[in-house]
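So in the working numbering, the last one in the sequence shown is 790, and the numbering has no gaps at all. Beta carbons: idealized from backbone N, C-alpha and C, even for Gly. All of these numbers come straight from a predicted model, not from anything done at the bench. Heads up: the structure comes next, in structure tokens.
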Amino acid sequence: MNFKYVLCLCLFSFLKLNAQTIVKSPDGNLHVSVSISNGMPLYSISYNAKTFLENSPLGLKTNVGDFSTGLVLKQNPDQNKIDETYQLPNIKQSNVYYEANEAVFSFTKENKPAIDVIFRVSNNNVAFKYKIHPQKEIMSCVVEEETSGFMLPQGTTTFLCPQSKPMTGYARSAPSYETSYVLDDAMGKNGIGEGYTFPCLFKVNNNGWVLISETGVDGNYCGSRLIGREKGLYTIGFPMPGENNGNGTAAPGIALPGETPWRTITIGETLAPIVATTIPFDLVQPKYKASKEYQYTKGTWSWIMKMDNNTTFPIQKQYIDFSAALGYETILVDALWDTQIGKEKIVELAEYGKSKNVGLYLWYNSNGYWNDAPQGPRGIMDNAAIRRQEMAWMKSIGVKGIKVDFFGGDKQVTMKLYEDILTDANDFGIMVIFHGCTLPRGWERMYPNYAASEAVLASENLYFGQVSCDNEAKNAATHTFIRNTVGSMDFGGSALNEFYNSDNIPNKGSKRITSDVFALATAVLFQSGVQHFALAPNNLTDAPVWAVNFMKEVPTTWDEVRFLEGYPGKYVILARRKGTKWLIAGINAQKETLKIKLKLPMIVSGTALQYYSDDEQLNEKKETLKVKKNQEAEIKIPCNGGILLSN
């Protein structure tokens with residue numbers, strides 16, 4: 144009997160020590176300790192015996208009971224082992240093996256079931272969520288506050304994106320996850336007073352890194368943010384009341400019994416587990432079946448170089464020809480097509496595209512009462528009946544996808560709108576890109592027709608101002624470690640124009656100060672299954688042939704990613720695999736030229752790699768680089784330059 148009990152504990156990696164239950168990862172390196180102190184539930188996390196989160200609070204406050212204090216923990220948690228394999232073509236890894244140990248901690252209050260806290264611990268990842276039990280006859284509640292916290296050790300530095308204030312920014316459409324990151328900062332701050340957008344990255348002294356985010360958010364809850372407190376504590380914050388023009392509740396309502404989304408914590412002694420994590424997708428399941436086999440494609444769009452006035456029939460026809468010349472499958476017809484082209488001519492454009500094997504993505508304003516953006520089409524995506532009629536029309540002419548813009552809020556009502564748009568679009572075989580929007584939270588797996596989200600200071604800002612161009616390398620070396628680790632990022636980059644204007648005219652508009660190799664490298668560094676690149680038809684004659692050829696061939700879906708070297712905001716070198724081919728991409732934002740002996744464990748010694756690099760003046764050079772016997776290659780990357788290697 145005792146032997147079986149001990150064997151069970153070993154099998155599921157649970158230990159009971161001094162009124163603390165230790166949940167361990169399958170490899171035994173990651174430990175989560177759950178305890179209760181004076182009726183308050185707590186947890187802490189260590190990795191290889193190093194503390195990454197100190198005792199941190201758990202709990203919820205609802206309108207049917209305060210489940211953050213006065214709780215009693217049942218003696219032994221229910222235990223499960225998770226062992227799952229799944230395939231997902233549009234994330235960083237196409238085949239995923241998810242193994243984790245699960246423990247369900249049940250808490251009572253006043254001798255009645257209150258909440259369960261469900262922990263999942265996999266190698267390098269911790270996740271938890273809450274299940275709220277009915278309270279006598281009460282079968283629904285409002286979660287007024289989530290007291291979940293993350294207590295970082297003293298000396299931790301932060302890499303965070305401040306949440307913007309509601310109803311600010313362009314056409315009062317914020318928050319839209321488009322503020323600049325503050326890197327290597329001290330704790331004890333709260334952004335500009337409204338906390339921070341997920342995901343949130345922390346460097347825990349010399350121990351390693353922590354990435355905090357959430358996944359599984361749909362129309363049954365709100366999106367959350369992180370609130371900075373004193374002494375290293377960060378807590379979950381719900382949307383600001385002023386979001387969505389003050390309409391809708393900031394606190395989510397749920398039916399009982401009901402569950403919250405997952406809070407996720409990725410731990411690594413290096414940045415490798417942060418870059419490679421699949422935890423946003425491991426914890427969720429598809430919400431519906433795909434109505435067709437969706438295609439993940441490359442495309443072009445006129446707006447990034449030519450802006451609103453050129454969303455016209457002749458220009459969009461030119462871009463169809465341009466996409467066809469590149470071998471791309473789509474173009475994105477951006478804002479104002481409803482008035483500057485019109486539906487009748489869109490039908491003609493779609494027919495022309497079919498003759499060139501190029502499909503259309505069409506832009507829409509999200510509309511409703513929550514923004515002042517004047518761009519059309521308006522008054523469609525916020526109304527179910529009208530939206531479905533529009534989607535039926537799109538299906539009839541063969542439209543591939545839509546880009547819906549200007550949301551500006553994380554309230555439950557807005558999350559339901561995202562879900563409704565995706566669900567309706569799937570009925571008509573249409574893929575969906577979101578802009579001016581929230582962070583995707585496991586949506587690649589939850590919604591089969593989901594393509595990508597912006598939720599980042601994206602390429603349009605390079606057009607709008609020189610400051611963004613000057614900081615392009617710094618930002619690119621940041622997104623790779625933070626925003627893009629948790630979901631597809633529709634950045635819309637890889638421009639080959641030297642100047643951001645309609646015809647690459649010198650000294651007109653903002654100037655790109657990064658190299659062409661840098662531009663190509665970001666096509667590999669930035670992950671999104673569907674990409675519309677910032678190329679322009681003039682690139683067929685004024686850009687280097689080798690650069691255009693690379694952009695013709697670069698994949699948008701990958702089978703594997705490996706972190707090689709880097710530091711947020713300074714430099715990054717990643718390797719991505721498609722089939723048997725590896726593409727190794729790097730960029731440098733530091734003033735000093737990066738010189739490094741690069742370990743390439745995935746490449747056989749003696750292999751000759753195709754190598755694109757920059758000299759100190761950012762002139763590109765193409766050569767062959769032979770991998771040494773120790774699987775090393777010596778590389779140099781100047782400031783604002785890049786490298787590309789492929790086998």
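### Message
Rounding to the nearest angstrom, what Cα-Cα distance links residue 750 and residue 610 in this structure?
### Response
41 Å
### Query
By Cβ distance below 6 Å, which residues in the same chain neighbour residue 321 in space, the five residues on each side in sequence not counted?
600
#### Entry: Helix, strand or coil at residue 499 [DSSP, three-state]
coil
### Task
Measure from the alpha carbon of residue 468 to the alpha carbon of each residue in 696, 485, 557 and 775, then state which is nearest.
696
### Task
Throw me the rounded Cβ distance for the residue 741 and residue 778 pair, which I believe falls under 8 Å.
5 Å
### Query
If we ignore side chains and look at the alpha-carbon of each, how far apart do residue 421 and residue 651 end up?
42 Å
### Message
Using CA atoms only, rank isn't needed, just tell me which of 332, 736, 606 and 719 is closest to residue 415.
### Response
719
### Test: residue 325 CB closer than 9 Å to a CB of chain D
In summary, chain D is missing from the structure at hand, where a single protein chain is found.
### Under the three-state DSSP convention, the category residue 432 falls into
coil
### Message
Which of the three DSSP states is assigned to residue 306 in this structure?
### Response
coil
### Task
Rounded to whole angstroms, what's the CA-CA distance from residue 722 to residue 533? Just pull it up for me.
38 Å
### Message
Determine whether the beta carbon atoms of residue 344 and residue 295 lie at a separation below 9 Å.
### Response
no
#### Entry: Residue range of the unbroken alpha helix (DSSP H) whose run includes residue 692
688-696
### Task
Can you give me the start and stop residues for the alpha helix (DSSP H) that residue 621 sits inside?
615-622
### Task
Would you mind stating whether residue 473 and residue 441 have Cβ atoms separated by less than 9 Å?
yes
### Query
Can you check whether the CB of residue 617 is closer than 9 Å to the CB of residue 573?
no
### Message
Considering only their Cβ atoms, is the gap separating residue 783 from residue 615 smaller than 9 Å?
### Response
yes
### Query
Between the C-alpha atoms of residue 161 and residue 218, what's the straight-line distance to the nearest angstrom?
Residue confidence for residue 161 is low, a pLDDT of 47 falling below 50, so the modelled location carries little weight; the figure read from the coordinates is stated next. Their Cα atoms are separated by approximately 12 Å.
### Message
Quick check on DSSP: helix, strand or coil for residue 153?
### Response
Summary for residue 153: the model assigns pLDDT 42, below 50, so the residue's position carries little reliability; its value from the coordinates is reported in the next sentence. Looking at residue 153 - three-state DSSP - the assignment turns out to be helix.
### Message
Going by DSSP, what residue range makes up the beta strand (DSSP E) through residue 356?
### Response
351-358
### Query
What does a CB cutoff of less than 6 Å around residue 239 pick up in its chain, not counting 5 residues either side in sequence?
229 and 421
### Message
Under 8 Å: do the segment 326-335 and the segment 545-563 share three or more Cβ pairs, one atom per stretch?
### Response
no
### CB-CB length for residue 427 against residue 585, believed under 8 Å
4 Å
### Complete runs of the beta strand (DSSP E) confined to the segment 587-656 [at least 3 residues]
593-596
### Message
Rounding to the nearest angstrom, what Cα-Cα distance links residue 773 and residue 606 in this structure?
### Response
44 Å
### Task
Inspect the beta-carbon positions of residue 443 and residue 462 and report whether they are closer than 9 Å.
yes
### Query
What's the gap between the Cα of residue 613 and the Cα of residue 677?
17 Å
### Task
Take residue 311 and list the residues in its own chain whose beta-carbon comes closer than 6 Å to its own, dropping the five residues that flank it on each side.
317
### Task
Can you say whether residue 558 is buried or exposed, counting buried as having 16 or more other CB atoms within 10 angstroms of its CB?
buried
### Query
Enumerated in chain order, which unbroken segments of the beta strand (DSSP E) with a length of 3 residues or greater are wholly contained in the segment 265-332?
268-275, 283-289, 292-294, 300-305 and 325-329
### Message
I believe residue 224 touches residue 244 by the beta-carbon criterion, under 8 Å. Please report the beta-carbon distance rounded to the nearest angstrom.
### Response
6 Å
### Query
Looking at the unbroken alpha helix (DSSP H) that takes in residue 537, where does it start and where does it end?
527-540
### Message
Taking the alpha-carbon of residue 353 as reference, which of 168, 418 and 552 has the nearest alpha-carbon?
### Response
418
### Task
Might you give, ordered along the chain, the residues of its own chain that have their beta carbon closer than 7 Å to the beta carbon of residue 234, omitting 5 neighbours on each side?
421, 424 and 587
### Message
So, for residue 649: in the same chain, excluding its five sequence neighbours on each side, which residues have a beta-carbon less than 8 Å away from its beta-carbon?
### Response
641 and 642
### Query
What did DSSP end up calling residue 682 once you bin it into helix, strand or coil?
helix
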